[in-house]
Amino acid sequence: MADVTEKNGFLTWLAGLGMFVLFEVAVYYLLRFATSGLGESNQLQPENTIVSNWVKTVVFLLLHLLLLVVAVLVLSNQLPRRYRGQLMGWFYLSLLMGFVLLIPLFG
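Here our numbering is used: the first residue of the sequence shown is 135, the next is one more, and so on.
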């Protein structure tokens with residue numbers, strides 16, 4: 135059996151980065167639309183509570199995780215074996231991006 139751990143080139147990494155950015159932008163706008171009815175738009179109201187914004191945060195993170203896991207499962211079956219090594223690195227980075235995307239969501 136041939137060695138399947140061959141090094142990926144810079145263009146492969148750049149293509150992965152491009153797909154990662156496209157995925158995160160698409161997921162952000164989709165989830166922003168899906169959670170638009172949740173939470174308070176004006177954070178500085180005197181009667182504002184954390185509960186509605188907490189619900190929006192949890193729903194956003196859970197849906198982001200769901201879409202991420204579905205994407206990884208689909209890609210792990212569709213990508214050639216030599217490119218699958220990059221997939222887990224982008225997965226972990228996307229897990230962190232879920233929390234980073236909360237900043238523009240409430241900003």
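Every residue gets a Cβ at the ideal spot worked out from N, C-alpha and C, and that includes glycine.
Counting C-beta neighbours from all protein chains within 10 Å, is the total for residue i 16 or more, i.e. buried, or is it exposed?
i	result
residue 233	exposed
residue 224	buried
residue 165	buried
For residue i, which option in the options has the closest C-alpha, if you only look at C-alpha atoms?
i	options	result
residue 231	145, 156, 142, 144	156
residue 163	217, 201, 206	201
residue 160	197, 173, 221	197
residue 240	199, 188, 229	188
Going by beta-carbon coordinates alone, are residue i and residue j separated by less than 8 angstroms?
i	j	result
residue 206	residue 195	no
residue 154	residue 213	no
residue 169	residue 236	no
residue 218	residue 210	yes
residue 172	residue 203	no
With hydrogens ignored, establish whether the beta-carbon of residue i is closer than 7 angstroms to any heavy atom of the ligand NAD.
i	result
residue 194	Questions concerning the ligand NAD fall outside what the structure shown contains, since it holds no ligand whatsoever.
Which full runs of the beta strand (DSSP E) of 3+ residues lie inside the segment 170-240, going along the chain? Qualifying beta strand (DSSP E) stretches: none in this window.
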